[in-house]
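K.L.:
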Amino acid sequence: MENLHRVRIVVEDEGKALPFKDLHPHVAQMRVKEGSKIRNLVRYALTYMESEGTVQIIFGAYGQAVTKAITCAEILKRQVGGLHQITKIQYQTLQEVWEQRGPVIKSPASCLTVYKNCPSIYILLSKYPLDPQEDGYQPPQNLPTGETGKRTFESHGSTDSKRQKTNASNEGYQEEEAEEVEEPLDCSTVSWT
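Everything in the sequence shown is counted per our numbering, starting at -12 for the first residue and increasing by one.
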């Protein structure tokens, strides 16, 4: 394969219908690719979901971009809130065409075609309730919010108060005699009979 270079990749299932039923007519479809920037995808999706009349968006990806699509959907769910989700996982067939590079060497084939099955994912996010009996359904998340509308985290004490407690307990510290502890057996000196 060192004398070959990839010329093109064709997704054979490209024209296939989306795996969701009862889609809104104005649904946005985001195609996430390996080189896509998450911040750009999320920014566009936020703008689209906040516009009037928009109720659904689909993130679709295959191969190495699957994790990016999941990340985008999770960020959008936290930003918008109250979104219902259906996730569909399947395989897509990719056709890679490789051609020989440089001058033709005594090779039986100047071109090689490889078929691959890659995992793919489609994530539907909707402001309207979806069928909870559908496989892959997730209800909206209830996120704790403060006055600003952002997530809040409980503080279990600041580092300063922890330092003060530690210093206070060290002031009354007195040396105590160490208890005798049996030494553990050294297994290399034990003989088994």
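Backbone N, C-alpha and C fix where the C-beta goes; we use that ideal spot for every residue, glycine too.
Computed from a predicted structure; not experimentally measured.
#1: Any beta carbon of chain D sitting closer than 8 Å to that of residue 44?
#2: For the region 76 to 83 and the region 36 to 46, state whether three or more C-beta atom pairs, one from each stretch, are separated by less than 8 Å.
#3: Measuring alpha carbon to alpha carbon, tell me which residue in 67, 13, 47, 50 is nearest residue 33.
#4: Could you check the C-alpha separation between residue 54 and residue 47 for me, to the nearest Å?
#5: For residue 17, which residues does DSSP report across the bridge?
#6: With which residues is residue 110 paired in a DSSP beta bridge?
#7: Are the CB atoms of residue 70 and residue 3 nearer to each other than 8 Å?
#8: At which residues does the alpha helix (DSSP H) containing residue 10 begin and terminate?
#9: So what's residue 103 in DSSP terms, helix, strand or just coil?
#10: Cα separation between residue 127 and residue 25?
#11: For the candidate residues 21, 16, 22, whose alpha-carbon lies nearest to that of residue 31?
#12: So what does residue 83 bridge to, in DSSP terms?
#13: How is residue 5 classed by DSSP in three states: helix, strand or coil?
#14: Hey, would you say residue 87 sits closer than 8 Å to residue 102, going by beta carbons?
#15: Who does residue 124 pair with in a DSSP beta bridge?
#16: Please list the terminal residues of the continuous alpha helix (DSSP H) segment that includes residue 37.
#17: Can you look up residue 117 in the DSSP assignment and give me helix, strand or coil?
#18: Can you list, in chain order, the residues of its chain with a C-beta nearer than 7 Å to that of residue -5? Leave out the 5 residues immediately preceding and following it.
#19: Have a look at residue 14 and residue 106 and give me their C-alpha separation to the nearest angstrom.
#20: Check this for me: beta carbons of residue 109 and residue 5, under 8 Å apart or not?
#21: Could you say which of 52, 7, -8, -9 lies nearest to residue 123 if we only look at CA atoms?
P.N.:
If we stick to the structure as given:
#1: The structure shown contains no chain D, having only a single protein chain.
#2: no
#3: 67
#4: 11 Å
#5: 46
#6: 46, 74
#7: no
#8: Segment: none, residue 10 is in no alpha helix (DSSP H) and carries neither H nor E.
#9: strand
#10: 22 Å
#11: 16
#12: -4, 101
#13: coil
#14: no
#15: 73
#16: 25 to 37
#17: coil
#18: 84
#19: 23 Å
#20: yes
#21: 7
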